[in-house]
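These notes are about the structure you will find just below.
2 protein chains.
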Amino acid sequence: MISVVEARDIILSHVRPVGVEKVDLFSALDRVLAEDVEATRNQPPWDNSAMDGYAVRSSDTQTASETTPVVLRIVEHLPAGKRAKQEVQPGQTVHIMTGAPIPSGADSVVRAEDAIRVDDTRVRIVRPVSPGADLRRVGEDMAKGERLLSAGTVLRPAEIGLLASNNRSMVSVYRHPRVAILSTGDEIMDVGSELEDGKIIDSNGYTLPAMVMEAGCEPIRLGISPDTRTDLEKKLREGLMADVILTSGGVSVGEFDFVKAALDALGTTMEFWKVAMTPGRPLAFGRIQDTLAFGLPGNPVASMVTFELFVRPALLKMRGMSRLYRPTLRATLMEDIRKMPGRKQFFRMCLIEREGKLFTLRTGAQGSGILRSMSLADGLAITHEHQELLCTGEEVEIMPLGGALSFWHERSC
Amino acid sequence: MISVVEARDIILSHVRPVGVEKVDLFSALDRVLAEDVEATRNQPPWDNSAMDGYAVRSSDTQTASETTPVVLRIVEHLPAGKRAKQEVQPGQTVHIMTGAPIPSGADSVVRAEDAIRVDDTRVRIVRPVSPGADLRRVGEDMAKGERLLSAGTVLRPAEIGLLASNNRSMVSVYRHPRVAILSTGDEIMDVGSELEDGKIIDSNGYTLPAMVMEAGCEPIRLGISPDTRTDLEKKLREGLMADVILTSGGVSVGEFDFVKAALDALGTTMEFWKVAMTPGRPLAFGRIQDTLAFGLPGNPVASMVTFELFVRPALLKMRGMSRLYRPTLRATLMEDIRKMPGRKQFFRMCLIEREGKLFTLRTGAQGSGILRSMSLADGLAITHEHQELLCTGEEVEIMPLGGALSFWHERSC
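Chains as they are written, first to last, in my numbering: chain A, 999 to 1411; chain B, 999 to 1411.
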């Protein structure tokens, strides 16, 4: 049986970004930039006022104070978006709004709160300003021609703003991988059905699409296939229009499992069938034409854990991301944990913070059918193959699960 | 001037969750549950097999070993989703698939790999099993009637799976707040326009919608309003159909700012106009009928920082969340930072990890017009009003920004 790391290396060696599309800035959030973007203009385009106030020659204000104010003559009232018609001469000022171009002659701005207006043509300056005070310099945000953003950048709100201020309305990003999801098994029924005796409800058909969305990809539901070769083949063929096919169930050693046979029939090159881990030991990976196929185990927890470890990094790589793994934390065990030597075992843990230190313990029973153990979990404890016993007080590595930073105490800054 | 904490307390005291709607499970990801959910059935509904193998009476297997296998008679081959017709008698076994109900008489499952099939009617068991081995017990995931999820729970994939396995196709969640966004200023033009001299491009009209989406809310763009009272009033009236109105620009002290006047004309109860912080000192908050109005500063960085500190927590509370603030980290300063005493100042910082310890320094020039300082930032350094100098080697509190956990080194587990 291959190890978790070997399995993931094999998978990632088969993964390429899925391709590029042009989207407008409102569809660009969290997408990965597929082009280098250069500044097409200076930002700001000219020296402008950072405040509402008075554009002055700083030399005029050097003696200004509350007791000995300097009186300047207002030669123009300048709203934002307008340019001054005249130059600021000694003893003169232009009343200026935030963002308005600095009139020639002026080298600084006196803030409105440091000036007392006498009337429409005169203002008392009560504090000296130094040259450049409250100016925004031409090109201080970006200079025309300089590299603004590089391909591979994840577009957060600030990057989207940078593109906008650079007058870009469309941007080239990696497209969303489409992920076809198929639940298999004669015993599986969909939500909403009248439950027959011996049947269970398909939860993987809901957890997996949610995990696909959380990874920034587009789920396509193929529904549920009974364990017959023809049904499976038909469904899997539909899945070939996607970039990835995920099946759940039907990959263990039972004779009633038809997934292998159906994948073979479609000409899938299988890379492996089993990984030395718990939960999730039965895990299949292969490719059919340009589509990657993951045969996930049917147990609700096993399918989620194998998705986290193998499918999610592959999907992120397809999206053009370079950081493929969730960051991990270290926490101190509050209980002894026995594990199977020879397998990497992943326990569902909750995290507790005490005096800034992280502690952790299991979320109750860890059976791979117990979905609730995932719902209660802040993260997965990552163990090493060779370990047999993890002891109270030992530090373990934890991979936080989606949205699970809840253990961090909040500061109201 | 009021402090950041005072301002936020005032804001949050005006915020209530915006209301509840029923959505299907595919629209439920990251929504907040607005009802308590109880288990309507046992999960699993009956004792079933955790593995493919042979359902046995464990007592029959006690002497089994590779050298002295126990031969059992296969009385039935049981696919998942079917119930056994007969009881397992001593010396008998039922060939069983993962998920299939345990036949009466049997108390455990021998895994297929611990059994050697002789023919259709006989199998050699080569390892003893204890009672309960590889059984999934009825109700081990959830017992009928027990509380499954409580109102206020954020729905992650595992919770959505729990709802599915509980046969819930619709669920009651808090609806998305609608947030109307208006940029103001005669100098502002939209992306894609031929730039006239003295004009600048509206980046807030792109960063703010992205931040609204990132907070799980629905942005409504009101576009750009010139600084005339009538235009502003008209646009703001359109915004009253939203739960929140965000304006940017036009809230500083200049006479050319019409936002105050327009808000007054709409009968807005203003709570405050200024907060002791940098960037973002001019910040207005009030309410018009049932709509909350935030007057954000026009500077790109100031509008983003004030959104993070004041608007985002309000939006999360409207979504029914209880954790309103981003978690914070502590990092060691790699440079001295001078700040204005009397104001809480927020610096854009990048984070660097060395030997598991976090270090931080500013992302270059911090002018509130320099959007790039946000694009380069992993987070915001939170300072205290009284501070004047932060010294190299000092620990500072950092609020990571959206998607900015990039500083965490990755482990390939």
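Ideal Cβ placement from N, Cα and C applies to all residues, glycine included. Nothing here was measured: the structure is a model prediction, and the numbers come from that model.
By alpha-carbon distance to Val1189 of chain A, the top candidate from B:Ser1181, B:Arg1166, B:Gly1143, B:Ile1123 is B:Arg1166.
Apart from the 5 residues on each side of it in sequence, Leu1356 of chain B sits with its Cβ closer than 6 Å to the Cβ of Ala1329, Leu1349 in its chain, given in chain order. In chain order, Met1140, Ala1141, Lys1142, Gly1143, Glu1144, Leu1146, Asn1164 place their CB closer than 7 Å to the CB of Ala1037 of chain A, counting only its own chain and leaving out the 5 sequence neighbours on each side. As the crow flies, the alpha-carbon of Gly1318 of chain B is around 22 Å from that of Met1372 of chain A. Counted as a single uninterrupted DSSP element, the alpha helix (DSSP H) harbouring Pro1155 of chain B occupies residues 1155 to 1163.
At a cut-off of 8 Å between beta carbons, Phe1357 of chain A makes no contact with chain B. Using a Cβ-Cβ distance cut-off of 8 Å, the stretch 1051 to 1058 of chain A and the stretch 1195 to 1210 of chain A are not in contact, since fewer than three pairs of beta carbons, one from each stretch, lie closer than that value. Of all residues in the stretch 1368 to 1397 of chain A, only Ile1368, Leu1369, Arg1370, Met1372, Ser1373, Ala1375, Ile1380, Glu1395, Met1397 come within less than 8 Å of chain B when Cβ atoms are compared, listed by chain position. Looking at the DSSP output, Gly1051 of chain A shares a beta bridge with A:Ile1094, A:Arg1109.
Chain order gives no chain A residues near Phe1345 of chain B, where near means a beta carbon separation below 7 Å; the closest approach is about 13 Å. Under the Cβ criterion of 8 Å, Phe1283 of chain B is not counted among the residues facing chain A.
Secondary structure of Phe1357 of chain B (DSSP, three-state): strand. For Ser1301 of chain A, the enclosing alpha helix (DSSP H) stretches over residues 1298 to 1304.
Close partners of Phe1024 of chain A in chain B (Cβ separation under 9 Å): Tyr1204, Pro1207, Ala1208, Met1211, Pro1217, Arg1219. For the pair of segments examined, the stretch 1328 to 1347 of chain B was found to touch the stretch 1374 to 1389 of chain B: the number of CB pairs separated by less than 8 Å reaches three. Assignment of Ser1063 of chain A by DSSP, reduced to helix, strand and coil, places it in the coil class. Cα atoms of Thr1065 of chain B and Gly1130 of chain B: separation of roughly 24 Å, rounded to the nearest angstrom. Judged by pairs of C-beta atoms under 8 Å, the stretch 1171 to 1184 of chain A touches the stretch 1210 to 1218 of chain A, as three or more such pairs exist.
Of the residues assessed, Val1116 of chain A falls on the exposed side of the cut-off, its CB having fewer than 16 other CB atoms within 10 angstroms. In this structure, Pro1015 of chain A and Met1316 of chain A form a Cβ contact; the two beta carbons are roughly 6 Å apart against a cut-off of 8 Å.
Within chain A, the residues Gly1079 have their CB atoms less than 8 Å from the CB of Lys1197 of chain B, given in chain order. Counting along the chain, Lys1233 of chain B sits inside the alpha helix (DSSP H) bounded by residues 1227 to 1237. When the Cα atoms are used, Leu1388 of chain A and Met1347 of chain A turn out to be separated by approximately 14 Å.
For Met1332 of chain B, the closest C-alpha among the options B:Glu1351, B:Arg1039, B:Ala1149 is that of B:Glu1351. In this structure the stretch 1094 to 1101 of chain B touches the stretch 1038 to 1055 of chain B; the number of beta carbon pairs closer than 8 Å is three or more. For the options A:Lys1258, A:Leu1322, A:Pro1298, A:Leu1238, the alpha carbon positioned closest to that of Leu1290 of chain A is the one of A:Leu1238. For Ser1063 of chain A and Glu1085 of chain A, the gap between their C-alpha atoms comes out near 25 Å. For the 8 Å CB-CB criterion, Val1021 of chain A and Met1211 of chain A do not form a contact. Between Leu1281 of chain B and Leu1244 of chain B, the C-beta gap is not smaller than 8 Å, which leaves the two residues out of contact. In this structure, DSSP gives Met1319 of chain B a state outside helix and strand, which the three-state scheme calls coil. For Gly1340 of chain A, there are no C-beta contacts with chain B under 7 Å, since the nearest C-beta of that chain is about 14 Å from it. Along the stretch 1115 to 1143 of chain A, the positions whose C-beta sits under 7 Å from a C-beta of chain B are Arg1134, Glu1138, Asp1139, Met1140, read in chain order.
In this model, Ser1320 of chain A and Leu1313 of chain A are separated by some 11 Å (Cα to Cα). If the five residues before and after Val1107 of chain B are omitted, its C-beta is found closer than 8 Å to the C-beta atoms of Ser1047, Ala1048, Met1049, Gly1051, Tyr1052, Ala1053, Val1054, Ile1094, Ile1100, Val1127, Ala1131, Asp1132, Leu1133, all from its own chain and listed in chain order. For the set A:Leu1374, A:Ala1300, A:Gly1293, A:Arg1081, the Cα lying nearest the Cα of Gly1365 of chain A is the one of A:Ala1300. Two segments are said to touch when three or more pairs of C-beta atoms, one from each, lie closer than 8 Å; by this definition the stretch 1300 to 1309 of chain B touches the stretch 1272 to 1280 of chain B.
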